[in-house]
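S.K.:
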Amino acid sequence: MNRSEFYYCEVPENVNVLTCGVDVQDNRLEYEIVGWGPDEECYGIKYGVIFGNPAEDFVWNELDDILDKEYSYSNGEKIKILCACIDSGHMTDTVYAFVKTREFRRIFAIKGVAGEREIVSKPSRNNKGRIALFSVGVDSGKDTIFSRLQIEKVGAKYCHFPLDEGTGYDETYFKGLTSEKKVNVIKKGVKKSEYKLISGRRNEPLDLRNYNLAALKIANPNLNKKYTVDATKPVKVVKKRKILSKGI
1 MNRSEFYYCE
11 VPENVNVLTC
21 GVDVQDNRLE
31 YEIVGWGPDE
41 ECYGIKYGVI
51 FGNPAEDFVW
61 NELDDILDKE
71 YSYSNGEKIK
81 ILCACIDSGH
91 MTDTVYAFVK
101 TREFRRIFAI
111 KGVAGEREIV
121 SKPSRNNKGR
131 IALFSVGVDS
141 GKDTIFSRLQ
151 IEKVGAKYCH
161 FPLDEGTGYD
171 ETYFKGLTSE
181 KKVNVIKKGV
191 KKSEYKLISG
201 RRNEPLDLRN
211 YNLAALKIAN
221 PNLNKKYTVD
231 ATKPVKVVKK
241 RKILSKGI
């Protein structure tokens with residue numbers, strides 16, 4: 001894609017927040033980490049694959065390390081992922097078990113819902129895992145993504161992609177990001193629009209960008225503030241000792 005550029009660092013200076021989306025397949029997990037700046041200007045940070053059967057713990061342990069990692073700016077400052085969304089449409093019980101003990105880290109299960117829905121709905125715990133399950137309006141998310149990919153001026157809502165080695169943004173990625181198109185269909189006599197997969201392409205990159213958008217909406221951060229490791233550390237309040245009367 002002609003908007004690809006070298007960052008020459010892991011995280012560009014304009015990034016204030018990191019999110020992550022995770023897709024579960026039979027033999028792997030795919031994930032994307034996205035950085036966000038003011039006005040939702042976004043930066044692809046890393047697209048990766050964890051190969052292995054998701055029924056095995058080592059796959060999820062590797063994902064846990066990725067979600068807990070500190071990522072670096074060029075000046076040495078560190079930032080961690082603020083919120084992550086994992087699709088629970090496949091291997092649902094396994095996903096529920098993973099997120100159940102990690103919700104305090106803003107790692108959540110999501111479920112895609114087609115049709116004209118808001119990008120993220122309020123979570124429900126009415127599920128067998130009793131976890132916070134967010135419904136994601138995937139069509140609304142795709143509308144947003146495709147409209148933003150048309151923006152050519154750097155700034156608000158513009159999408160950056162890295163050319164740096166090892167980031168995962170190759171030709172296959174971009175074919176996946178643009179793997180669907182909106183078509184008009186007639187169902188039960190009613191004309192509707194829906195997304196269709198282009199033959200011969202895989203749509204995981206598009207799905208993962210959608211999950212990142214959902215993670216941003218769930219976290220709802222102040223995008224004018226840097227959520228670096230130092231900035232988000234809890235501050236220990238030291239109580240002052242009472243001064244006892246020394247008497248006369």
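At position 163 of the sequence shown the residue is numbered 163 (my numbering), and the sequence of numbers has no breaks.
Don't be surprised by glycine CBs; every beta carbon is placed ideally from N, CA and C.
Please read these numbers as outputs of a predicted model, since none were measured by experiment.
(1) In the DSSP assignment, find the alpha helix (DSSP H) that holds Ile66 and state where it starts and stops.
(2) At 4 residues or longer, and completely inside the stretch 186 to 220: list those alpha helix (DSSP H) runs for me, N to C.
(3) Where does Glu32 sit, in a helix, a strand or coil, going by DSSP?
(4) Could you check if Ala219 is buried or exposed, using at least 16 other CB atoms within 10 Å of its CB as the buried criterion?
(5) Please name the residue, chosen from Asn61, Val136 and Lys78, that lies closest to Gly35 on a Cα-to-Cα basis.
(6) Beta-carbon separation of Ile131 and Lys100 under 8 Å?
(7) Alpha carbon to alpha carbon, how far is Ala84 from Thr228? Give it in angstroms, no decimals.
(8) On the premise that Tyr158 lies in contact with Pro205, defined as a C-beta separation below 8 Å, what is that separation, rounded to the nearest angstrom?
(9) So, for Ser88: in the same chain, excluding its five sequence neighbours on each side, which residues have a beta-carbon less than 6 Å away from its beta-carbon?
(10) Tell me whether the beta-carbon of Met91 lies closer than 8 Å to the beta-carbon of Val24.
(11) Between which residues of its own chain and Ala156 is the CB-CB distance below 8 Å, once the five residues before and five after are set aside?
(12) With distances taken Cα to Cα, identify the nearest neighbour of Leu29 among Arg3, Ile66, Gly44 and Glu116.
M.R.: According to the data block:
(1) Asp57 to Asp68
(2) 204 to 219
(3) strand
(4) buried
(5) Lys78
(6) yes
(7) 16 Å
(8) That belief does not hold up - the Cβ atoms of Pro205 and Tyr158 are roughly 18 Å apart, past 8 Å.
(9) Val95, Ala109 and Lys111
(10) yes
(11) Pro38, Asp39, Glu40 and Glu41
(12) Ile66
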